[in-house]
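Take a look at the structure set out below.
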Amino acid sequence: MKGYVYILECNDGSYYTGSTIDLEMRLSQHQQGLGANHTKKRLPVKLVYIEMFDRIDLAFYREKQIQGWSRAKKEALINGRNDLLPGLSKSSKSKKEN
1 MKGYVYILEC NDGSYYTGST IDLEMRLSQH QQGLGANHTK KRLPVKLVYI EMFDRIDLAF
61 YREKQIQGWS RAKKEALING RNDLLPGLSK SSKSKKEN
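When you line the sequence shown up against the working numbering, it's residues 1 to 98, in that order.
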């Protein structure tokens with residue numbers, strides 16, 4: 001069963017990362033205020049990123065990975081700047097030492 005991970009930009013500029021097997025239905029739920037607490041308080045939302053996976057468990061794993069990222073790293077992903085991702089993974093301590 002295919003799965004999707006997605007990032008929504010909320011009305012207040014925050015990001016929400018989720019996963020689903022039915023992207024169209026899930027986006028509709030978010031827009032109607034039936035999604036997560038985070039999004040229903042920040043309508044409307046806009047889809048800014050999607051990844052598709054062959055299995056929903058892989059999408060769920062990726063969702064959890066992205067949720068742990070900084071805003072800057074999420075924005076690099078959204079903007080297709082994969083070249084920036086490794087540098088944004090380094091801790092601020094290791095950046096100061098270099």
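Glycine residues also receive a C-beta, built at the ideal position from the N, C-alpha and C atoms.
It should be emphasised that the depicted structure is a prediction, and the values quoted were computed from it without experimental measurement.
Taking buried to mean at least 16 other C-beta atoms within 10 Å of its own C-beta, is S70 buried or exposed? exposed
Let me know the secondary structure DSSP gives I78 once reduced to three states. Here I78 sits in helix by DSSP.
Under three-state DSSP, which class holds L47? Note: L47 maps to strand in three-state DSSP.
Select from K73, N79, I7 and L77 the residue whose C-alpha is nearest the C-alpha of A36. I7
Using DSSP with H/G/I as helix, E/B as strand and the rest coil, what is S14? Three-state result, S14: coil.
What separation, rounded to the nearest whole angstrom, lies between the Cα atoms of L47 and D83? 22 Å
N-terminal and C-terminal residue of the alpha helix (DSSP H) that M25 is part of: That run of the alpha helix (DSSP H) goes L23 to Q31.
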